[in-house]
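J.:
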Amino acid sequence: LGGVSGGNKVFYSLAIDSKNTLSFSNEIKPILCIDDTVRRLAVLSGRYSRFAMDPAFSSRCDDMYERWIEKCFQACVCGKSVVLGFFEGDCAVGFLSLSFNDETASIDLLAVDEGKQRRGIGRSLVNAAINMARDKGCGVINVATQGNNWTARRLYESCGFQSVDLQCIWHLRIGAHSLK
Numbered sequence: 085l086g087g088v089s090g091g092n093k094v095f096y097s098l099a100i101d102s103k104n105t106l107s108f109s110n111e112i113k114p115i116l117c118i119d120d121t122v123r124r125l126a127v128l129s130g131r132y133s134r135f136a137m138d139p140a141f142s143s144r145c146d147d148m149y150e151r152w153i154e155k156c157f158q159a160c161v162c163g164k165s166v167v168l169g170f171f172e173g174d175c176a177v178g179f180l181s182l183s184f185n186d187e188t189a190s191i192d193l194l195a196v197d198e199g200k201q202r203r204g205i206g207r208s209l210v211n212a213a214i215n216m217a218r219d220k221g222c223g224v225i226n227v228a229t230q231g232n233n234w235t236a237r238r239l240y241e242s243c244g245f246q247s248v249d250l251q252c253i254w255h256l257r258i259g260a261h262s263l264k
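Numbering (the working numbering), first residue to last: 85 to 264.
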């Protein structure tokens, strides 16, 4: 029995102001189906994940994030989530998946194409998610990210999210071949 540190996970929360509408780009619209671009962005969203950093998982990390976005789209059919895309022409260059549970919304995945980062696309997606959560009657929106993902942390904090919890994650090893 052993373990490997999966790093720290930071949990953020934002109480949604029911009166203010945040500005976001009109290039944002729901993504209705998965294509290769969305799959690539989903894989990109996992590059700082604890799974990507763990040698026992890293070879399967891309598949995990592709399956994650597929599950987000399955939840869209039930009205429990939405995947928002930031489009340049017909191509999504960023996306955010947002799930709803009673009066709480959660940002599940967020990614912006590496060549398009630092242009306000992530902030615009987060603002659109906050507005959508407010419109669905949610009073709170939550998100979790890896402690070493400073870009995401700065984005959420600059959008008004407050850190509410920090957890140290461990990946346990039981036997030499337990993860194969």
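Don't be surprised by glycine CBs; every beta carbon is placed ideally from N, CA and C.
Is it true that the CB of residue 177 sits closer than 8 Å to the CB of residue 197?
T.: Yes, they are a contact pair.
J.: Note down the Cα distance separating residue 119 from residue 156, rounded to an integer number of angstroms.
T.: Each residue's Cα considered, the two are about 14 Å apart.
J.: Residue 130: which of 233, 248, 240 and 114 sits nearest, CA to CA?
T.: Closest option to residue 130, Cα to Cα, is 233.
J.: Using CA atoms only, rank isn't needed, just tell me which of 105, 217 and 175 is closest to residue 187.
T.: The shortest C-alpha separation from residue 187 is found at 217.
J.: Just to confirm the assignment, what range does the alpha helix (DSSP H) spanning residue 229 have?
T.: Element bounds for residue 229: not the alpha helix (DSSP H) but the beta strand (DSSP E), 224-230.
J.: For a test of the three-state rule: what should DSSP assign to residue 121, helix, strand or coil?
T.: Three-state result, residue 121: helix.
J.: Measure how close the beta-carbons of residue 106 and residue 215 come, nearest whole angstrom, since I'm counting them as under 8 Å.
T.: That belief holds up - the Cβ atoms of residue 106 and residue 215 are roughly 6 Å apart, short of 8 Å.
J.: Take residue 241 and list the residues in its own chain whose beta-carbon comes closer than 8 Å to its own, dropping the five residues that flank it on each side.
T.: Excluding positions up to five away in sequence, the list reads 96 and 247.
J.: Using a 10 Å radius around the Cβ and a threshold of 16 neighbouring Cβ atoms, would you call residue 226 buried or exposed?
T.: When all chains shown are included, residue 226 counts as buried.
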